[in-house]
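Asks:
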Amino acid sequence: MEAVGRSSEAKYECLLFDMDDTLYPLSSGLNLACRKNIQEFMLQHLQIEENEVPRMCLELYREYGTTMAGLKALGYEFDNDEFHAYVHGNLPYDVLKPDPALRNLLLSVSQRKIIFTNADQAHAALVLKRLGLEDCFEGVICFETLNPHPPHVEPVDDNYYMQGNGIDGNEVPKIASPGTNTLISSHSRVLCKPSVEAFEAAIRIANIDPQKTIFFDDSARNIESGKAAGLYTVIVGSSTLVPGADHALTSIHNIKEALPEIWEGGEREQVEQLIQSAPVETVVLA
5 MEAVGRSSEA
15 KYECLLFDMD
25 DTLYPLSSGL
35 NLACRKNIQE
45 FMLQHLQIEE
55 NEVPRMCLEL
65 YREYGTTMAG
75 LKALGYEFDN
85 DEFHAYVHGN
95 LPYDVLKPDP
105 ALRNLLLSVS
115 QRKIIFTNAD
125 QAHAALVLKR
135 LGLEDCFEGV
145 ICFETLNPHP
155 PHVEPVDDNY
165 YMQGNGIDGN
175 EVPKIASPGT
185 NTLISSHSRV
195 LCKPSVEAFE
205 AAIRIANIDP
215 QKTIFFDDSA
225 RNIESGKAAG
235 LYTVIVGSST
245 LVPGADHALT
255 SIHNIKEALP
265 EIWEGGEREQ
275 VEQLIQSAPV
285 ETVVLA
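Taken in order, the sequence shown gives residues 5 to 290; the numbers are from the numbering used here.
1. Between the region 37-47 and the region 55-66, do three or more beta carbon pairs fall short of 8 Å?
2. Just to confirm the assignment: which complete alpha helix (DSSP H) runs, minimum length 4, are found wholly within the region 90-135?
3. Is the beta carbon of residue 117 less than 8 Å from the beta carbon of residue 110?
4. Using the C-alpha atoms, what's the distance from residue 240 back to residue 222?
5. Can you check which of these residues, 65, 17 and 57, is closest to residue 35 by C-alpha distance?
6. Whose CA, out of 88, 54, 209 and 96, lies closest to the CA of residue 119?
7. Would you list, in sequence order, the uninterrupted beta strand (DSSP E) runs of no fewer than 3 residues that lie entirely inside the region 194-225?
8. Would residue 21 be called buried (16 or more neighbouring beta carbons within 10 Å of its own) or exposed?
9. Of the choices 96, 206, 198 and 97, whose alpha-carbon is the least far from that of residue 288?
10. If you reduce the DSSP assignment to three classes, tell me which class residue 249 lands in.
11. Taking three-plus beta-carbon pairs below 8 Å as touching, is the region 210-218 in contact with the region 227-240?
12. Hey, quick one: how far does the alpha helix (DSSP H) through residue 259 stretch, first residue to last?
13. Is it true that the region 13-33 meets the region 87-101, where meeting means three or more beta-carbon pairs spaced less than 8 Å apart?
14. Let me check you understand the geometry: is the CB of residue 25 closer than 7 Å to at least one non-hydrogen atom of the ligand MN?
15. Among 113, 81, 40 and 150, which residue has its Cα nearest to the Cα of residue 264?
16. What separation, rounded to the nearest whole angstrom, lies between the Cα atoms of residue 28 and residue 220?
17. From residue 50 to residue 133, what distance separates their C-alpha atoms?
18. Distance, Cα to Cα, residue 85 vs residue 268?
19. Pull up the distance between the alpha-carbon of residue 217 and that of residue 92, whole angstroms please.
20. Take the Cβ of residue 128 as the centre, count every other Cβ of all protein chains shown within 10 Å, and call the residue buried at 16 or more, exposed below.
21. So the candidates are 126, 231, 107 and 124; which of them puts its Cα closest to the Cα of residue 260?
22. Going by CA-CA distance only, name the one from 131, 23 and 71 that's closest to residue 41.
23. Exposed or buried, which one is residue 243 when buried takes at least 16 other CB atoms within 10 Å?
24. Give me, in chain order, the residues of the same chain whose beta-carbon lies closer than 8 Å to that of residue 204; leave out the 5 immediate sequence neighbours on both sides.
25. Threshold first: 3 residues or longer. Then list the beta strand (DSSP E) segments lying entirely within the region 10-66, N to C.
26. Give me the residue from 80, 202, 194 and 227 with the minimum Cα distance to residue 250.
27. What are the partner residues of residue 239, as DSSP defines its beta bridges?
28. May I ask which residues mark the beginning and end of the alpha helix (DSSP H) holding residue 74?
29. I need the boundaries of the beta strand (DSSP E) containing residue 145, first residue and last residue.
30. Using a Cβ-Cβ cut-off of 8 Å (strictly less than) and excluding sequence neighbours within five positions of residue 136, which residues of its own chain qualify?
Pasting the structure below:
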């Protein structure tokens, strides 16, 4: 009961971090490499006209939050895991190096620390490992968290249908993917940032108080939605405030100088905890 009392008095109880282009700079080039792979997937696997791919990729990203979400919304059918494997399978991860300065900064924070990313679990795990941050977070809310696989998979024939719950709670038919015996949703909506619904789901999953949570992201759209969901918001990679942002950081490394209140009264306690406890690898929250 005493611990609960101390937590309720804290100004901030949780730090919620985007990952890509937030924990490492956009200049790494991973973003461009990822976009190139997405365009190749659209061309090779979805047979979209080559001259249409770049425009579609950008427009769908802008309208739906991710190109993948936009493709699903337009009715393109493909396996989510295969898409992620293709897009992230040959990224130049070697450009990411261990960041001991950021690691020490994160470990000095006594509040809960959680990743909230649109990326899939495998990509998130690899990025955090390359940065040397895999044990700095309590958990990861990723693509699979918000878009879980069907609870079970059964062999089916051409006329078989199974009812499953959609994102909005309504039942939607699930059908077999052509050429396979795997059940997939025929209404494949993807839940992701910047949807306010995705933020509300993340808040429920992590069991956090949005009014006592700071959200860090490099995307202006995500910041605006985070603010709409009730979070204290920080735009990263910019010195200029964007709509919905409470603060702006040119680099994630500037947290302590810009937001010293995060450490007020908690740094000594956290150092003692670090000395007494062994590292625990970040887990996916579901």
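Even for Gly, the Cβ is constructed at its ideal location relative to N, Cα and C.
Replies: The answer reads as follows:
1. yes
2. Whole alpha helix (DSSP H) segments, 4+ residues: 104-111 and 125-135.
3. Here the question's residue 117 lines up with position 113 in the sequence shown. Here the question's residue 110 lines up with position 106 in the sequence shown. The answer is yes: Cβ separation under 8 Å.
4. Here the question's residue 222 lines up with position 218 in the sequence shown. Here the question's residue 240 lines up with position 236 in the sequence shown. Going by the C-alpha atoms only, they are around 5 Å apart.
5. Start at 1 with the first residue of the sequence shown, and residue 35 comes out as number 31. For residue 35, the nearest C-alpha among the options comes from 65.
6. As a first step, residue 119 must be located in the sequence shown, where it is residue number 115. The shortest C-alpha separation from residue 119 is found at 209.
7. 217-221
8. Counting from 1 along the sequence shown, the entry for residue 21 is found at position 17. Its Cβ being crowded by 16 or more others within 10 Å, residue 21 is buried.
9. Numbered from its first residue, the sequence shown carries residue 288 at position 284. Of the candidates 96, 206, 198 and 97, the one whose C-alpha sits nearest the C-alpha of residue 288 is 206.
10. On the sequence shown, residue 249 is found 245 positions in, with the first residue counted as 1. Coil.
11. Yes, the region 210-218 touches the region 227-240.
12. The residue labelled residue 259 in the question sits at position 255 within the sequence shown. Looking at the DSSP string, the run of the alpha helix (DSSP H) that includes residue 259 is 259-262.
13. yes
14. By its list of ligands, the structure shown contains no ligand whatsoever, and the ligand MN lies outside what it can speak to.
15. In the sequence shown, the residue the question calls residue 264 occupies position 260. Ranking 113, 81, 40 and 150 by Cα distance to residue 264 puts 113 first.
16. Along the sequence shown, one-based indexing puts residue 28 at 24. Along the sequence shown, one-based indexing puts residue 220 at 216. Rounded to the nearest angstrom, the gap between the Cα atoms of residue 28 and residue 220 is 12 Å.
17. As a working note, residue 50 is residue 46 in the sequence shown. As a working note, residue 133 is residue 129 in the sequence shown. Distance between the alpha carbons of residue 50 and residue 133: 32 Å.
18. Working through the sequence shown from its first residue, we reach residue 85 at position 81. Working through the sequence shown from its first residue, we reach residue 268 at position 264. Residue 85 and residue 268: Cα-Cα distance of roughly 43 Å.
19. For the purposes of this step, residue 217 is taken as residue 213 along the sequence shown, with counting starting at 1. For the purposes of this step, residue 92 is taken as residue 88 along the sequence shown, with counting starting at 1. Roughly 30 Å between the two C-alpha positions.
20. For the purposes of this step, residue 128 is taken as residue 124 along the sequence shown, with counting starting at 1. Per the 10 Å Cβ criterion, buried.
21. For the purposes of this step, residue 260 is taken as residue 256 along the sequence shown, with counting starting at 1. Considering only 126, 231, 107 and 124, the residue with the shortest C-alpha distance to residue 260 is 107.
22. Counted from its first residue, the sequence shown places residue 41 at position 37. It is 71.
23. For the purposes of this step, residue 243 is taken as residue 239 along the sequence shown, with counting starting at 1. The residue is exposed, with fewer than 16 neighbouring Cβ atoms inside 10 Å.
24. Here residue 204 corresponds to residue number 200 of the sequence shown, with the count starting at 1. Here the set comprises 233.
25. 18-21
26. Residue mapping note: residue 250 aligns to position 246 of the sequence shown, counting from 1. Ranking the options by Cα distance to residue 250, first place goes to 227.
27. Numbered from its first residue, the sequence shown carries residue 239 at position 235. Its beta-bridge partners are 221 and 252.
28. Within the sequence shown, the letter at position 70 stands for residue 74. Taken as a continuous stretch (DSSP letters only), the alpha helix (DSSP H) holding residue 74 covers 71-77.
29. The residue you call residue 145 lines up with position 141 of the sequence shown. That run of the beta strand (DSSP E) goes 143-145.
30. Position 132 of the sequence shown, counted from the start, is the residue given in the question as residue 136. For residue 136, where only same-chain residues beyond five positions count, the Cβ hits under 8 Å are 102, 103, 104 and 107.
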